[in-house]
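The sequence shown: position 172 = 172 (the numbering used here), numbered continuously.
Ideal Cβ positions, reconstructed from N, Cα and C, are used throughout, including at glycine.
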Amino acid sequence: MKIYTKTGDKGKTSLFGGTRVPKHHLRIEAYGTVDELNSYLGLIRDQEIDKHMCEVLIKIQNELFTLGAMLATPQDKETLKSGKERLNIHKTGETAVKLLELEIDQMNESLPEMTHFVLPGGHTTVSFCHIARCVCRRAERICTQLSEDTHISSEILIYLNRLSDYLFVLARKLAHINNAQEIRWIPEKK
């Protein structure tokens, strides 16, 4: 597979199905941000974390590739002329969301109750989780905006929303494991 095709040299790229759009198109911004998120998850996975967390992150990274493919496929290109689905892969859905919810619930069992917002930081791996959470929220905002103009699966929005929750709890869990202090945000009074 040749890496450079030169087809994007004039600022346009192809969506799945062949539609050409500018590289700043909101759909490109959406799946590009999901790709950025995926890279941060790889960075978290490269830290010293336990095997189970690593395995879950790999599942999430695979899911994000699926989600990116879904975002890269306009609704009018989802089906081939033969009637078959263009994307012959599983779609991000309820099972993927349930995995995140299960992981959140399991991590929360061993964490102290949250009574305040916490400032991001305390340990490098924790900080990477918070950066990934912020990128996830940005992806969610972009996808929400995209959904106002065109059809995208509601499962994409649900998954990104739950994933940002997962990343927040993962940050708290890693802070707990690494004995990093959670600094509560306490607003100054006037």
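query: Considering only their Cβ atoms, is the gap separating Leu67 from Ile158 smaller than 8 Å?; result: no
query: Could you tell me the boundaries of the alpha helix (DSSP H) in which Gly32 lies?; result: 26 to 45
query: Report yes if the CB atom of Gln61 is closer than 8 Å to the CB atom of Gly122, and no otherwise.; result: no
query: So what does Val118 bridge to, in DSSP terms?; result: Arg184
query: Comparing alpha-carbon positions, which option in Ile3, Leu26, Glu36, Thr5 lies nearest Cys136?; result: Glu36
query: Pull up the distance between the alpha-carbon of Glu113 and that of Lys2, whole angstroms please.; result: 52 Å
query: For Ala96, collect the residues of the same chain with a Cβ closer than 7 Å to its Cβ; drop the 5 residues on either side in sequence, then sort them by chain order.; result: Glu63, Tyr159
query: Is there contact between the region 128 to 142 and the region 92 to 111, where contact requires at least three CB pairs shorter than 8 Å?; result: no
query: Do you know how far the Cα of Phe128 is from the Cα of Asp149?; result: 32 Å
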